[in-house]
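Numbering (this note's numbering), first residue to last: 661 to 884.
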């Protein structure tokens, strides 16, 4: 009996260590990637990656022009009106269903990512591409659609995965967030480096937020 309990404890600790190592590795990698991109864009002033990405998606748009209205529709799902509605509406629905912890997670993911994104944009002050297919106000680095979109859909995916419900839907949410980021480059309203930096910033914020909630809440959502 004692051996069985000990084995279970050791197994649980090994999984915990593995999870902590993976999450910590992603956290550091996302921070390193964001820092690297700032060096590429604002120190080296390299446009090689951005030019390559525009060229690839320009060829796609030329071959399939009917994709453009679809892409414009896709990008709406990380626009300001949608994010405000989702960032408030989803937490309210979760709270009404008794998922207080998850409601706070989603709200924190969207609100925190939006605030961090604006601070970063103001700091770096990169102008948008002058080849945009339609006018888009605001600054460019990092992409708000990529950063806040991944924060929202990534948080929802993590909640589904954590509760072992609909893992396929969790994967589809992440894919949806990635496609939204690509749509910004397709439409020339962001450089590819803006989008990748937005994804890196979202991962950084989500992992940081997760750590804060793990320290402040037990698994049942009750504050320690």
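Cβ coordinates follow ideal geometry from the N, Cα and C atoms, glycine included.
Per-residue DSSP class, three states only, for residue i
| i | result |
| --- | --- |
| residue 790 | coil |
| residue 797 | coil |
| residue 847 | coil |
| residue 659 | Examination of residue 659 is not possible in this model, given that the chain is present from 661 through 884 alone. |
| residue 906 | Here the chain has residues from 661 to 884 only, and residue 906 is not among them. |
| residue 823 | coil |
| residue 830 | helix |
| residue 705 | coil |
Residue i: first and last residue of the uninterrupted alpha helix (DSSP H) it sits in
| i | result |
| --- | --- |
| residue 731 | 727–735 |
| residue 778 | 760–784 |
| residue 745 | 740–756 |
Contacts around residue i, its chain only, beta-carbon distance under 8 Å, and the 5 residues preceding and following it disregarded
| i | result |
| --- | --- |
| residue 743 | 770, 774, 808, 809, 812 |
| residue 757 | none |
| residue 792 | 847, 848, 849 |
Spatial neighbours of residue i in its chain, beta-carbon cut-off 6 Å, leaving aside the 5 residues before and after
| i | result |
| --- | --- |
| residue 806 | 841, 855, 858, 859 |
| residue 819 | 762 |
| residue 816 | 833 |
Own chain partners of residue i with C-beta closer than 7 Å, once the 5 adjacent residues on each side are dropped
| i | result |
| --- | --- |
| residue 734 | 839, 840, 843 |
| residue 728 | 721 |
Cβ contact (3+ pairs, closer than 8 Å) linking the region 821–841 and the region 781–791 = no
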